[in-house]
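Colleague: In UniProt numbering, the protein residues as written are 1 to 934.
Ideal Cβ placement from N, Cα and C applies to all residues, glycine included.
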C-alpha cells in the first residue's frame, strides 16, 4: 500500500529496506527504522484501538513511552499482550492488533530466551541525549568505569542527527573503560545505587532474530554514582474531545517528521502555551502541511515567533484556546472560544514540558513546582545521584550540554578522581524558549469529554467528582479516578491532574504536589523479569542420588519441596491405594526401606552451638549427650510450630540438625537471620548438608536383621544401640552414620552416607533384606505409617496457628530454659483457651468412608441433618488414609477442645451426606510404643 503520509526524503529510516507488516488483518509497508506507530501513520492509519471503558476511538498521541493511547498486541514473530505501538520497532514478519487497554495473554509457549546480567560501574548515566553524553564523556575521560544507557535505538536524544552526536559517541565508545547500551530502559531505581534496566535485544530483527540470542535482557546495575539524564515529556492541555485520533503532542509530530519522515496530517492547528511548540508547526508547514492556525493561550507572543509564523502564512491567535475538537472517529476541525470553527485533521497540543524525573523521584528525590518553568523540577540533592539536562528542567541543547558537564564533573569529584581537562564538543545552537504559561485545561470545555487520562477514560468530571467527595490529596484523587495508573504511569496525565485539583481546591499547585512515581518507568514483561527462571528453571527440579533406580522400578513421583520423591511403587497394574496398602503391610510385618534423602540436613558448629540451638528449639539441646539424638520443635515468635525434626549431637561443639523436606532452606535462613540480627555475638556456623547426605530409613520388625547383616561390625541389639542413639560404622571403607530413629513407630534405623555412595549402600541393604522380602516404600506409605502413630507433619497437620500444646506435646516445651523463640507467647490467654483446636484422631463409624482432607467437622445431629446456617465449624480433617493395619479408614484432625471430646460423636459433611465420626486419640497403632524396640 502507498505510504501517503511519508515525505519524499528525510528521516532516519532506511528507505532502501522496506518491511511489510500486518495490523488488524491488513498488510502495510514501512521501512527499517520505523516504529509501528510511525509506519501506521505513514499509511494513513489514524485509529489504532478503542478506549478501555467508553470504547471511543483512540489513535497515536505521542512518539515514544509518553504515548497514552496507541496500545497494541504483538502476535508475531514474538508475543506481547499489550505494548505501546510507539515503542515497537518495525521488524520482518510483524503481526499486531489494537487492544482496548486490556491485553490478551497468548496460550502458545514463548520459545524466546530471556536472561540477565549484573554490572558494577563507577558511574551509571541514564539517557544518551546532550546532557547524558556530556556527563558520560567527562567521566570516561577521567578513567572511570562508565555505563551509558539509552532507551532509543540511536543516541542523541531529540536530535540524533546533530553532527556533534556522532563525534561524542565515537569518542565515548573508543574509551577503554566505557560501556554503552541502546534500546535499554532504566525502569527502576533503588537504594545503594541499584538500578534495573531492560534491553530489547532482538525485537527489531523480527523473524531474522537468531534463536541463540536472548530476546530481552534485564540488567541489574549497582553503581557508585548515577546521573539521571532521561529527558522530558511534553504536557498536553485538556479540552473537549481531546481524545479523538488526530490530537497529538506537538513535539511528537515534530519527532515523526524528523526521525521517520512522516507527516501526521494534511492540515493542522497548533494549540499551545509555550514557545517550544512553535517549532513543530513551523517544521510541518515547511514540509507542505497546511497549518491553519497557532492558537496560543498567552496574551503576548514573542515577536520573532509571530513574524516567522506570518512569513509561513500561519494565522496566530493569541489569548485564545481550543475549546473542542470536532469529529466523530477522528479530528475534522476545532472550535475556539469565540465559537469560530477551523477545519483540520490534526491538533498539535503543548502545555509545556515535564522533566522525566521518575528515577530521581523513585530514589526519594524532591520535586518542587517552578512557576517560571511551569513544571515540577527536581530540587535538593541525593548523596550519590545527579540529575541533569531536560530531566532537570533544561530545554535547549546548549543548556543541556552545560548541565551535563556540571553533572559529569560533580560525579568525577564525588568518586575521588581528578577531573579531566575539558574539551568542548561542537553543537548546534537552538532558540531558548520563553517561560511557559501554566494552562492545565480549558475551563469553557465540556468537562465530561475533557480527558485527563486517555488510557483510563478519566475526565475532568471525574476529578471534579473526586474533589467533591472530599479528596484533597492528589494520591487520593489518583485512586478515586485511576488517573496515572495505566501503562504510561501518568506521563502526560499525572502533572495535569495535580494542576486541575489545585484549581478546583483554589490552592497553588505547589501545595498539591505530584503523585508518587513508582517502578517500572515503562511496562516490563513478566518474561523478561523471570529471565531463565521459568519452566523447569522456575522451580528447580531436585532429584536424589537414587532417582534413576526409582524410575527403573516404576516409581510414581510427587513433588515435595522441589524434590522428586517416589510416592509409591505399583506392581502388576496396582493403583495407588492398593500399592500403599501392600507397602504398609510389608513394613508393619517385615521390613521396608525408604529413600529419605530429601530431609533437610544442617551442620551447626561452633563454641556456642548448644546455646544457639537452645534458643531455636522449645526443648533443651545443650543437655543432649554426644552419641544421642533428640526430637525437637521450632516455633515462631508467636509460639506457633514452625518445623520439627531430630538433632544429633556429634561433639561438644557440633550438631547435625534434620528438618522437614519442605522447610530445609527456610530453617537454614531462619538460623542465619536470628544469628545475624539477634545473637551476632554467638560463635556458631550453619552449613547445609542436604545435597551431600543420603538417608535411608530401614523400618519394620526385621530391620535389625537387615542392618546387622550389612554392617557386621555394628552391635545392633537394644542394649548396645538404643532408641535415639547414633553410631558410626563403615561399609567397604565408606563412613556410615546410623541413627535409631523411627517415623513409623516400628523398629527402625536411619542409614546416612555421602550421596556419592548412596546407590551402593542402598543396593547392599536391599540384597541383605531380600530373604525378608524387603519392600521399598514411598512417601504415601510413610504418611500412612506416621499417621497411624499420631505423628504430625508440619504444614499438613498444622497451619501456622498450632502450638506444641495443641499437638499434645507439652513435654517438648522446656520449663528449665529462661528463654527461647516463642516462649513468651505460650503465656498468652488465647494460648491457654480450652477451646483451642487440638490434634486428635477420627474414626468414621461406617468403617468405610475415607474422609476428604480439608473436610469441615460439625456437631452431630441424630436425625442426620445439618443445623440451620450459619453452621458452626468445629475443626477440619488434616490427614486421612485407608489403613492396612486397622483394616479401615482413619483420619487426623484439628478440633476445638478436641482432647475433651475423645469418645464423642461428630459429623463430617462429605458430598451431599453427613458421615458420623468418633473422636479418638491420634495414636491408632501400638499406643504402648513397644514396637519401636523390636
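Helix, strand or coil, according to DSSP, for residue 676 in the structure here?
Modeller: Reduced to three states, the DSSP call for residue 676 is helix.
Colleague: Determine, using beta carbons only, whether residue 112 and residue 217 come nearer to each other than 8 Å.
Modeller: Going by C-beta atoms, residue 112 is not nearer than 8 Å to residue 217.
Colleague: According to DSSP, which residues form a beta bridge with residue 115?
Modeller: In the DSSP output, where bridge partners are listed per residue, residue 115 has 217.
Colleague: Restricting to Cα atoms, I'd like to know which of 297, 558, 605 and 789 is closest to residue 444.
Modeller: Looking at the Cα atoms, 297 is the closest of the given residues.
Colleague: Quick one: is residue 498 buried, meaning 16 or more other Cβ sit within 10 Å of its Cβ, or exposed?
Modeller: Classification for residue 498: buried.
Colleague: Checking 8 Å against the spacing of the C-beta atoms, do residue 342 and residue 58 come in under that value?
Modeller: In this structure, residue 58 does not lie closer than 8 Å to residue 342 by Cβ.
Colleague: For residue 543, tell me which candidate among 694, 522, 481 and 486 has the shortest Cα-Cα distance.
Modeller: Closest by alpha carbon: 694.
Colleague: State the CB to CB distance for the pair residue 660 and residue 645, rounded to an integer number of angstroms; the pair is presumed to be in contact (CB under 8 Å).
Modeller: Confirmed, about 6 Å.
Colleague: Between 257, 677, 326 and 419, which lies nearest to residue 449 when the distance is taken from Cα to Cα?
Modeller: If we check each option's Cα against that of residue 449, 326 comes out closest.
Colleague: Taking three-plus beta-carbon pairs below 8 Å as touching, is the stretch 196 to 211 in contact with the stretch 222 to 232?
Modeller: No: the two stretches stay apart, fewer than three of their Cβ pairs being nearer than 8 Å.
Colleague: Give the DSSP-derived three-state secondary structure of residue 440 in the structure shown.
Modeller: If DSSP states are grouped into helix, strand and coil, residue 440 belongs with coil.
Colleague: Tell me where the alpha helix (DSSP H) around residue 502 begins and ends.
Modeller: 494 to 505 is the extent of the alpha helix (DSSP H) around residue 502.
Colleague: Tell me the rounded alpha-carbon separation between residue 802 and residue 101.
Modeller: Between residue 802 and residue 101, the C-alpha separation is close to 46 Å.
Colleague: Determine whether the beta carbon atoms of residue 915 and residue 843 lie at a separation below 8 Å.
Modeller: No, they are not a contact pair.
Colleague: Can you check whether the CB of residue 160 is closer than 8 Å to the CB of residue 6?
Modeller: For residue 6 and residue 160, no; Cβs fall outside 8 Å.
Colleague: If you scan the stretch 661 to 743 from start to end, which runs of the alpha helix (DSSP H) of 4 or more residues do you find wholly inside it?
Modeller: As far as the stretch 661 to 743 is concerned, its whole alpha helix (DSSP H) runs of at least 4 residues are 664 to 677 and 703 to 710.
Colleague: Give me the residue from 397, 622, 103 and 438 with the minimum Cα distance to residue 237.
Modeller: When each option's Cα is compared against that of residue 237, the closest is 438.
Colleague: So residue 311 and residue 292 are supposed to be a Cβ contact under 8 Å. How far apart are they, rounded?
Modeller: With 8 Å as the limit, residue 311 and residue 292 do not qualify as a contact, their Cβ atoms being about 16 Å apart.
Colleague: DSSP puts residue 635 in a beta bridge; with which residues?
Modeller: Paired residue(s): 641.
Colleague: Would you mind listing the beta strand (DSSP E) stretches within the UniProt domain "SoxA A3" (449 to 532) that are 3+ residues and don't spill past its ends, in chain order?
Modeller: The UniProt domain "SoxA A3" (449 to 532) contains these whole beta strand (DSSP E) runs: 451 to 453.
Colleague: Buried or exposed for residue 274, please, with buried defined as at least 16 other CB atoms from any protein chain shown within 10 angstroms of its CB.
Modeller: Under this definition residue 274 is a buried residue.
Colleague: Rounding to the nearest angstrom, what Cα-Cα distance links residue 565 and residue 676 in this structure?
Modeller: Spanning the two alpha carbons is a distance of roughly 33 Å.
Colleague: Taking the alpha-carbon positions, what's the residue 928 to residue 536 distance?
Modeller: C-alpha separation (whole angstroms): 46 Å.
Colleague: Looking only at its own chain, which residues have a Cβ that is under 6 Å from the Cβ of residue 466, when we skip the five neighbours before and after it?
Modeller: Excluding positions up to five away in sequence, the list reads 477, 480 and 481.
Colleague: Alpha carbon to alpha carbon, what distance is there between residue 375 and residue 176?
Modeller: If you take the alpha carbons of residue 176 and residue 375, they lie about 39 Å apart.
Colleague: For a test of the three-state rule: what should DSSP assign to residue 286, helix, strand or coil?
Modeller: Three-state DSSP puts residue 286 in a helix.
Colleague: Given a threshold of 16 other Cβ atoms within 10 Å of its Cβ, counted over all protein chains shown, does residue 782 qualify as buried or as exposed?
Modeller: The residue is buried, with at least 16 neighbouring Cβ atoms inside 10 Å.
Colleague: Leaving out five residues before and five after residue 502 in sequence, what residues of the same chain have Cβ atoms less than 6 Å from its Cβ?
Modeller: Answer for residue 502: 509 and 512, listed in chain order.
Colleague: Please report the residue range of the alpha helix (DSSP H) in which residue 303 lies.
Modeller: Element bounds for residue 303: 303 to 311.
Colleague: Who are the Cβ neighbours of residue 904 in its own chain at under 6 Å, not counting the five residues just before and after it?
Modeller: Hits under 6 Å: 919.
Colleague: Taking the alpha-carbon positions, what's the residue 670 to residue 36 distance?
Modeller: The straight-line gap from Cα to Cα measures roughly 51 Å.
Colleague: For residue 250, which of 241, 261, 262 and 235 has the nearest alpha-carbon?
Modeller: That would be 235, whose Cα lies nearest to the Cα of residue 250.
Colleague: Could you check where the alpha helix (DSSP H) with residue 362 kicks off and where it finishes?
Modeller: Counting along the chain, the alpha helix (DSSP H) containing residue 362 begins and ends at 358 to 362.
Colleague: Provide the residue span of the alpha helix (DSSP H) that contains residue 577, from first to last.
Modeller: Unbroken alpha helix (DSSP H) run through residue 577: 576 to 589.
Colleague: Below 8 Å, can you find three or more Cβ-Cβ pairs linking the stretch 757 to 775 to the stretch 592 to 605?
Modeller: Segments in contact, yes.
Colleague: Helix, strand or coil: how does DSSP classify residue 318 here?
Modeller: Three-state result, residue 318: strand.
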